[in-house]
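Here's the structure, in structure tokens; my notes come after.
2 protein chains.
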Amino acid sequence: MKAEILSIGSELVLGELVDTNAAYISERLRGIGVQVGFHTTVGDAEEDLCRALGAACERADLVVATGGLGPTRDDITRQAVARLCGVALELDEKALEEIRALFKSRTREMPERNKVQALFPHGARVIRNEVGTAPGFCIAHGRSEIITMPGVPSEMKRMLESWVLPYVREKIPDAEVIVTRDLRCFGVPESELGEKLHDLMDPTRNPYVATQASQAVITLRIVARAASERDAVPLLNETAEELRRRIGSPIFGEGRYGLEIGVADLLDRTGMTLAVAESCTGGLIGHWLTNVPGISKHLLEDVVAYSNRAKSEILGVPSELIERVGAVSEEVARAMAEGVRARAGADLGLSTTGIAGPGGATEGKPVGLVYVAVTSSRGTTCEKLHRWGDREQIKDRSAKGALDLLRRELLKLAEG
Amino acid sequence: MKAEILSIGSELVLGELVDTNAAYISERLRGIGVQVGFHTTVGDAEEDLCRALGAACERADLVVATGGLGPTRDDITRQAVARLCGVALELDEKALEEIRALFKSRTREMPERNKVQALFPHGARVIRNEVGTAPGFCIAHGRSEIITMPGVPSEMKRMLESWVLPYVREKIPDAEVIVTRDLRCFGVPESELGEKLHDLMDPTRNPYVATQASQAVITLRIVARAASERDAVPLLNETAEELRRRIGSPIFGEGRYGLEIGVADLLDRTGMTLAVAESCTGGLIGHWLTNVPGISKHLLEDVVAYSNRAKSEILGVPSELIERVGAVSEEVARAMAEGVRARAGADLGLSTTGIAGPGGATEGKPVGLVYVAVTSSRGTTCEKLHRWGDREQIKDRSAKGALDLLRRELLKLAEG
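Protein chains in written order, with my numbering: chain S, 396 to 811; chain C, 396 to 811.
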């Protein structure tokens, strides 16, 4: 089955909004064995939309359109489809009742103009919108089928998952599906992964592995083709195990998993508490960790000691040490980690100190020089990092380096 | 002049990557008076690409294509354009030299396969790529002109700005341009803005104002039509002044300006120092503030006092107070702000305490209840906020509420 995606809206074609729906729908359709050949974006002009719909129906078996189903005058999808199919618009009483009920559940009267959202081309099948006022619909045209959904991503996704994908899959029950699983790793250069995984990365293999680097985290995507999602599971499991065997501890999680979740899981497993002392990362480690629900059981405090006075007074780093070796130094990183651990009475202490730039570099201490340290019952470990990029990138990469150091320490503690 | 954007790449049509180029190019073309009617995305199949190019040339005067100019076998833009135009590919010696030179400047030999990047359809004009190995080109086809650029956003943007836009503008020197300016504001409901700016928001007015809300920050976009960018400036200025007059202090900056930059500017203006004590925002305020270069002159420390012990020991909040009224309370917010200001010897103290959820709610203290407090020589002010959303949204909105409270305090201090 060949499909095309049509994104409808002047805000898209004018460039005021980036269309993310088309990519999302393509990936999900590919998952159930549908090939997507084209995306087209068109504004709110009925003539243009009719033409684009017609062209898509000539090329594809399935046309999935999003947008233009709202209650205002520039929402013209239903008119354009009716015109293309040469049929009239008809009121669907059941859909109207559901729109009314949605307004009622939000303790509002339905404005009169929303009534148009219950109009559909004659012969269309209405698709319920469980989370908004714009129902979708599907209708045959020539040898193709047109499915329309609202443009609001959350409404589109709900309708796609709950109705459209099962509906389409039923038409092609035997098409090969493509199922993916993402493993995430940190601290290994992409080129090294390429060497270690060379044979697995051949796209003719099933499953094969693709790598993608983003913000210093590398995603290993396992792509499997199978008769059904269920049949893909053992293939995915087998290759995931092989990856864990070859790559080992740099793999910190699956899916969209961040390093902070890996750390939080290990804190849960070990039941340990943590105190953090940040300088150049400026609170970013604390921000990430506190995005994890329930972290308050483990994270006691995070001292962003930007001034030297704070480093001495709160963390107990001797001022003469700072004067002698400078705030950006292995000695101070160690003293900060040990100081915050002692201050908080925590099991673990983590620290960062470095030069995020663009100013602040001195001789022998360039922008991007960062020390991260971790301390526990096992003693203190410090790593010297060289990060590149702008201020925000250096903060990001340094915070990740610190979290990964902490994660490796926790792995050792968990192993006993 | 009517234009169409063509985005070329299987990764786009498969949904592995969201296309941001088309929106960017549309907005920039609109700025110089070109109307964009369609975007089309197509994979790396020569047949499909030829067909899409042909359809675009029939509908538009200008077709701007990105992608498919790399050195690998699936980069087929140059072949497809040559086939459509019925001409052969020819080697451009000057372009080849430039590609070689680029490799040399990166201390590498040019791989043999990159030679294909110096092939262009006969009659095409080569567009230099100043930052990558893929030159673009433009060529006439029927009554249309096709311009191709690389798909890497940074390379595309550079080529668009430095060559394509001036080139296109020269063809339509008298077309009306559209120039925009964004003012950013916080703390006013969008509906209230709608009432105050009703007359300015009429799209037939020149300039008119459009509002867009994102993450609790509202952007007021002024859209002006004029004969040239220069002619637009007085129109934009006049409406910007009118907006500042009507909205006042909730406007905190222009462009992509965040609240933290507004705060940093005011700290620069007043020469004051700041200390922060965060609980529910977990380091986010520190993270944002330390994204601003040079903030170390003003920000002394940020204590993320997640545990009650840290609140007492570092910030001097009496433990009996926490026991009596709870950590999430006006009294504790005030004591945290005053405590961190005194501890650091800063001019200003800022604090947050609240329930970010999903757990932690108690009777009378629901998820989303947050207190923010600021203290200075003028005394202490505390505000009680009710935030909605998930954990990350509540953190985000609370940190913005705190920064805005600080900003308003600084405005008063700056006025003396």
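For each residue, glycine too, the CB sits at the ideal point set by N, CA and C. Note that this is a predicted model, so its numbers are computed, not measured.
query, result
"Can you find a CB in chain S that lies within less than 8 Å of the CB of H593 (chain C)?", "no"
"Below 8 Å between beta carbons: does that hold for L457 (chain C) and A417 (chain C)?", "no"
"With a 10 Å radius around its C-beta and 16 neighbouring C-beta atoms as the bar for buried, classify R802 (chain S) as buried or exposed.", "buried"
"Can a CB atom of chain S be found closer than 8 Å to the CB of V431 (chain C)?", "yes"
"When we look at the beta-carbon of H517 (chain C) and count the other beta-carbons within 10 Å, is it buried (16 or more) or exposed?", "exposed"
"Give me the residue from C:C480, C:K499, C:E442 with the minimum Cα distance to I471 (chain C).", "C:E442"
"Assuming A608 (chain S) is part of the beta strand (DSSP E), what are its boundary residues?", "603-609"
"Would you list, in chain order, the members of the stretch 672-692 of chain C that have their beta-carbon closer than 9 Å to a beta-carbon of chain S?", "E673, C675, T676, G677, G678, L679, I680, G681, H682, W683, L684, T685, N686, V687, P688, G689, I690, S691"
"Whose Cβ in chain C lies nearer than 9 Å to the Cβ of V762 (chain S)?", "What V762 (chain S) touches in chain C: nothing, since even the nearest Cβ is about 11 Å away."
"Using CA atoms only, rank isn't needed, just tell me which of C:T502, C:V482, C:R468, C:V521 is closest to K489 (chain C).", "C:V521"
"Which residue's Cα is closest to the Cα of L679 (chain S): S:G462, S:D791, S:V511?", "S:D791"
"Are the C-beta atoms of T415 (chain S) and some chain C residue less than 8 Å apart?", "yes"
"When burial is assigned at 16 or more other CB atoms within 10 Å of the CB, is V676 (chain S) buried or exposed?", "Looking at the sequence shown, residue 676 (chain S) is not Val but Thr. Burial call: buried."
"Cutting at 8 Å between CB atoms, please list the residues of its own chain near F433 (chain S), excluding the five before and the five after it.", "E399, I400, A451, R454, A455"
"Looking at the structure shown, is D469 (chain S) part of a helix, part of a strand, or coil, going by DSSP?", "coil"
"DSSP three-state call for C445 (chain C): helix, strand or coil?", "helix"
"Check distances from the C-beta atoms of the stretch 400-427 of chain S to those of chain C and list, in chain order, the residues that come in under 9 Å.", "I400, S402, L407, V408, L409, G410, E411, L412, V413, D414, T415, A417, A418, Y419, I420, S421, E422, R423, L424, R425"
"Select from S:G438, S:G811, S:I420, S:A621 the residue whose C-alpha is nearest the C-alpha of V431 (chain S).", "S:I420"
"Which first and last residues belong to the alpha helix (DSSP H) in which S674 (chain S) is found?", "Counting along the chain, S674 (chain S) falls outside any alpha helix (DSSP H), and DSSP gives it neither H nor E."
"Checking the sheet assignment: what are the DSSP bridge partners for Y766 (chain S)?", "S:T748, S:K779"
"Classify W783 (chain S) as buried or exposed, calling it buried when 16 or more other Cβ atoms lie within 10 Å of its own Cβ.", "exposed"
"In the DSSP output, which residue or residues are listed as bridge partners for G578 (chain S)?", "It is worth fixing the name first, because residue 578 (chain S) is Leu in this sequence and not Gly. DSSP, once it has assigned bridges, lists S:L615, S:E649 as partnering L578 (chain S)."
"Report all residues from its chain with a CB closer than 8 Å to the CB of V727 (chain C); omit the five preceding and five following residues, and keep chain order.", "K706, V712, L716, I717, V720, G721, T748, Y766"
"Can you pull the chain C neighbours of E442 (chain S), defined as C-beta to C-beta under 8 Å?", "Going along chain C, no residue has its Cβ under 8 Å from E442 (chain S), so there is no contact; the nearest lies around 10 Å."
"Could you name the residues of chain S that R786 (chain C) contacts, counting a contact when the two beta carbons are closer than 8 Å?", "N686, P688"
"Using CA coordinates, which residue listed in C:D663, C:E485, C:D469 is at the minimum distance from V864 (chain C)?", "Nothing can be reported for residue 864 (chain C): it is not among the residues displayed for chain C, which extend from 396 to 811."
"According to DSSP, is S771 (chain C) part of a helix, a strand, or is it coil?", "strand"
"Could you tell me the alpha carbon to alpha carbon distance between Q607 (chain S) and K591 (chain C), rounded to whole angstroms?", "48 Å"
"What number of angstroms, rounded off, separates the C-alpha of I709 (chain C) from the C-alpha of T685 (chain S)?", "19 Å"
"Under 8 Å between beta-carbons, which chain C residues line up against A739 (chain S)? List them in chain order, please.", "S702, R704, A705"
"I want to see whether chain S comes within less than 8 Å of G438 (chain C), judged by CB atoms only; does it?", "yes"
"Go to T461 (chain S), then tell me how far its beta strand (DSSP E) extends in each direction, as first and last residue.", "457-461"
"Is there contact between the stretch 753-763 of chain C and the stretch 612-624 of chain C, where contact requires at least three CB pairs shorter than 8 Å?", "no"
"Would you identify the three-state DSSP class for E399 (chain C), choosing helix, strand or coil?", "strand"
"Hey, does P753 (chain C) have any beta-carbon neighbour from chain S nearer than 8 Å?", "yes"
"Taking the straight line between their C-alpha atoms, what separation do you get for L743 (chain C) and G755 (chain S)?", "24 Å"
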